[in-house]
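As they're listed, the protein sequences go chains F and W.
Residue 241 in the numbering used here is what sits at position 242 of the first sequence, and the numbering runs on without skipping anything.
In the numbering used here, each residue carries its 1-based index in the second sequence increased by 612.
For reference, the structure is listed below as structure tokens.
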Amino acid sequence: MRWTEAFSAALAARLLQAYRKPLGFLLSLVLLPLAFVATVTYRFSVQLQEQQALQHLSVTARLAAEIVEETLQQTIQLEQLLSRRPEFRAALLAANEAALAEQLGQALTLAPRLSALTVLDAEGNVVADVVGQQLGRAAQAPGQTPDQAVIPEWLRLDGLAHVSPVHFQETPQPRKVVSIYCPILAQGRVIGLLQAEHEVEEIKAWLQKIRVEPHGFLYVVDQAQQLVVYPYQVLPGRPKVVADWPTVRAPLTETGAALRFEDARSKQAWLAGLSPVAHRGWRVVAVQPRAAVLQILNRSLRAMGLLLAILAVVLVVVSLWWARLQASSLQLLRQNTKLLKEMQQRMLLDRRKRPPEPPEAGGGP
Amino acid sequence: MNGPRRRGPQPVVLLTGIALLLGSAAASARERPLKVSTHTYPGTPVTLSRVKASLVETFATSTQLWTPDGKTKGSRVRYANRTGLSPSTLAVAGEAHCTNTARQAIAAMAVTIAVLDAFHQPVEVLTVQQADVMVSPGQTKRVTWEEPLRAENLFEVAVIITKVRFADGSVWSAPQEELIDIF
Numbered sequence: 000m001r002w003t004e005a006f007s008a009a010l011a012a013r014l015l016q017a018y019r020k021p022l023g024f025l026l027s028l029v030l031l032p033l034a035f036v037a038t039v040t041y042r043f044s045v046q047l048q049e050q051q052a053l054q055h056l057s058v059t060a061r062l063a064a065e066i067v068e069e070t071l072q073q074t075i076q077l078e079q080l081l082s083r084r085p086e087f088r089a090a091l092l093a094a095n096e097a098a099l100a101e102q103l104g105q106a107l108t109l110a111p112r113l114s115a116l117t118v119l120d121a122e123g124n125v126v127a128d129v130v131g132q133q134l135g136r137a138a139q140a141p142g143q144t145p146d147q148a149v150i151p152e153w154l155r156l157d158g159l160a161h162v163s164p165v166h167f168q169e170t171p172q173p174r175k176v177v178s179i180y181c182p183i184l185a186q187g188r189v190i191g192l193l194q195a196e197h198e199v200e201e202i203k204a205w206l207q208k209i210r211v212e213p214h215g216f217l218y219v220v221d222q223a224q225q226l227v228v229y230p231y232q233v234l235p236g237r238p239k240v241v242a243d244w245p246t247v248r249a250p251l252t253e254t255g256a257a258l259r260f261e262d263a264r265s266k267q268a269w270l271a272g273l274s275p276v277a278h279r280g281w282r283v284v285a286v287q288p289r290a291a292v293l294q295i296l297n298r299s300l301r302a303m304g305l306l307l308a309i310l311a312v313v314l315v316v317v318s319l320w321w322a323r324l325q326a327s328s329l330q331l332l333r334q335n336t337k338l339l340k341e342m343q344q345r346m347l348l349d350r351r352k353r354p355p356e357p358p359e360a361g362g363g364p
Numbered sequence: 613m614n615g616p617r618r619r620g621p622q623p624v625v626l627l628t629g630i631a632l633l634l635g636s637a638a639a640s641a642r643e644r645p646l647k648v649s650t651h652t653y654p655g656t657p658v659t660l661s662r663v664k665a666s667l668v669e670t671f672a673t674s675t676q677l678w679t680p681d682g683k684t685k686g687s688r689v690r691y692a693n694r695t696g697l698s699p700s701t702l703a704v705a706g707e708a709h710c711t712n713t714a715r716q717a718i719a720a721m722a723v724t725i726a727v728l729d730a731f732h733q734p735v736e737v738l739t740v741q742q743a744d745v746m747v748s749p750g751q752t753k754r755v756t757w758e759e760p761l762r763a764e765n766l767f768e769v770a771v772i773i774t775k776v777r778f779a780d781g782s783v784w785s786a787p788q789e790e791l792i793d794i795f
């Protein structure tokens, strides 16, 4: 136990020494530890807030991806229902444009969100085309060959419905569209394709209900790394390829992903949640500026920091006043001690100076 | 003695004034400053600065503002009960200082003005050609424009340089892909 006693004594001596310098005492034992604790608390809170924000963004992106997939799936199911009707297949085999157009028109009234329905034969030529009223273009004439670049070969081979990358139509007015292709099968072979067209504005409308607050937003990227939906478009044009964006380069699993990145243009820090749209190769990205995420936290911690600073100032002032009081008491004690010493010395001197007292008179024969 | 009092010139002057007032066309206009942003395609040889824009509403008749039976603001149906009045025309006016950052002199440029609504969506796109500007390398020139508008529900405008013709005849054009903000 001797070392603990020695440690206690040494600590007491140090404290006493430090106590004589009140400002240094306060700084080392009160203010610096307070600042350290505040910094650690802030860093921990920021980390926690960012993690929560990333989780929220991931959930938001997943929700949006499910909405997109569900709506695409509804269109695919409609196309499959239509393409499996015997009269539809018979009309296609007979190249009966009027019968096909009638059936397409009926389907279009059931699905007003589609802008056009087109039937193509096995060679990719238009057999029938019906456009919705909101569309500004005229129906394509039978025999017309649409853009073959958007009908890849695998569509004819695997027999499954596919969603195309977004493509741009310049006439009659510039617009971005997405096509959903459903093969029409008869006796195990592909006899044609049913193409349903969605305008990108329609896809944007599906996602408008989802908000990322504050200052966040959602966007959708297709399998060709092109922007499908983006809320801040300034000038319309061909779909922008964004393969170099960190949110598009980031690997994506079935459960999604989350990441922090810095915007190359403004050097601002962002948080992002990513989610795939089923197996289509599309991805939905929910982004939010880091500064917006930490806005509320910074505001509350700033208020707390201000209060702590005021408290620290009050503490310093009170401590200095108390130290001054103690110092004046010590000064008084010192003076009294000095006076006492002087008095004792004077008494001693007086005793030495005083002549010896004569012996007492009287008492002879 | 005392003959009938002669009328002064006041009624004549008043009638003339009213006639002139009614006859004058486009005598009044209203201007509102707009929020402006500038955007640049990669490789644009011109930078924009000190850009301003405003919405100018020009009234067809001078009495349009103070017709007692009509409303001048806050109503979508402005002219249904005001027979004989023409609707006002809208235009976007603005200016920008263009600095040539290329090594060649610029002979002409095309300024595209995208009119955006309150939800960041383009509602109208206007292209203004500034011919014979002759901007030397490093030099800055002020360009102005005033273009008629069809859309009324505009919130802000974006100004972008989309074509530049150099003095040697070569032309730089902005890529055809969509232009986006934020990223």
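Heads up, the beta-carbon is just placed ideally off N, CA and C, and yes, glycines get one too.
- Three or more beta-carbon pairs separated by less than 8 Å link the stretch 174-186 of chain F to the stretch 73-83 of chain F, which places the two stretches in contact.
- Neighbours of W:D729 in chain F, taken as residues at a C-beta separation under 7 Å, are lacking, since the least C-beta distance is about 12 Å.
- The shortest CA-to-CA distance from W:Q741 to any of W:T724, W:S785, W:T752 is the one to W:T724.
- Counting every other CB atom within 10 Å of its CB across the protein chains shown gives F:R83 a total below 16, marking it as exposed.
- Going by beta carbons, W:R777 and W:A719 fall inside the 7 Å limit.
- For the pair F:V228 and F:Y218, the CB atoms are nearer than the 7 Å cut-off.
- Contact check for W:A705 against W:V755 fails: the beta carbons are separated by 7 Å or more.
- Under the three-state reduction of DSSP, F:W205 is assigned to helix.
- Burial state of F:F35 is exposed, judged by a 10 Å Cβ sphere holding fewer than 16 other Cβ atoms.
- For F:V315, the secondary structure class from DSSP, reduced to helix, strand or coil, is helix.
- If you draw a straight line from the Cα of F:L28 to the Cα of F:S327, it is about 23 Å long.
- The continuous alpha helix (DSSP H) containing F:Y41 extends over residues 31-82.
- Apart from the 5 residues on each side of it in sequence, F:S44 sits with its Cβ closer than 8 Å to the Cβ of L296, L300 in its chain, given in chain order.
- At a cut-off of 7 Å between beta carbons, W:A722 makes no contact with chain F.
- With contacts defined as CB atoms closer than 7 Å, F:Y231 and W:I773 fail to qualify as a contacting pair.
- At least 7 Å separates the beta-carbon of F:G187 from that of F:D120.
- Distance from F:V118 to F:L91 at the Cβ level is roughly 6 Å; contact confirmed, criterion being Cβ atoms closer than 8 Å.
- Judged by beta-carbon spacing, F:T252 lies beyond the 7 Å limit of F:A271, meaning their Cβ atoms are not closer than that value.
- Taken in chain order, the complete alpha helix (DSSP H) segments of 4 residues or longer contained in the stretch 230-271 of chain F are 245-248.
- Only those residues of the stretch 265-286 of chain F whose C-beta falls short of 7 Å from the nearest C-beta of chain W would be listed, and there are none.
- Contact between W:E768 and W:L660 fails: their C-beta atoms lie close to 15 Å from each other, not under 8 Å.
- For W:E643, the enclosing beta strand (DSSP E) has its first and last residue at 641-645.
- Counting along the chain, the unbroken beta strand (DSSP E) around W:T774 starts and ends at 768-778.
- In the DSSP annotation of this structure, the continuous segment of the beta strand (DSSP E) that includes F:R282 starts and ends at 281-288.
- For the 7 Å CB-CB criterion, W:S700 and W:T652 do not form a contact.
- Inter-residue distance for F:E341 and F:L31 is about 45 Å (C-alpha atoms, whole angstroms).
- As computed with DSSP, W:A665 is found in a beta bridge with W:G706.
- At a cut-off of 7 Å between C-beta atoms, W:L791 counts as an interface residue with respect to chain F.
- Around the beta-carbon of F:L80, fewer than 16 other beta-carbon atoms lie within 10 Å, marking it exposed.
- In this structure the stretch 748-764 of chain W does not lie against the stretch 204-212 of chain F, because fewer than three pairs of beta carbons, one per stretch, are closer than 8 Å.
- A buried status is given to F:V67, since no fewer than 16 other beta-carbon atoms sit within 10 Å of its beta-carbon.
- Contact of F:Q224 with chain W by beta-carbon distance below 9 Å is absent, the smallest such distance being about 13 Å.
- Assigned with DSSP and collapsed to three states, F:G191 falls in strand.
- Secondary-structure assignment with DSSP links F:Y180 through a beta bridge to F:H161, F:Q194.
- If you draw a straight line from the Cα of W:V747 to the Cα of W:P734, it is about 30 Å long.
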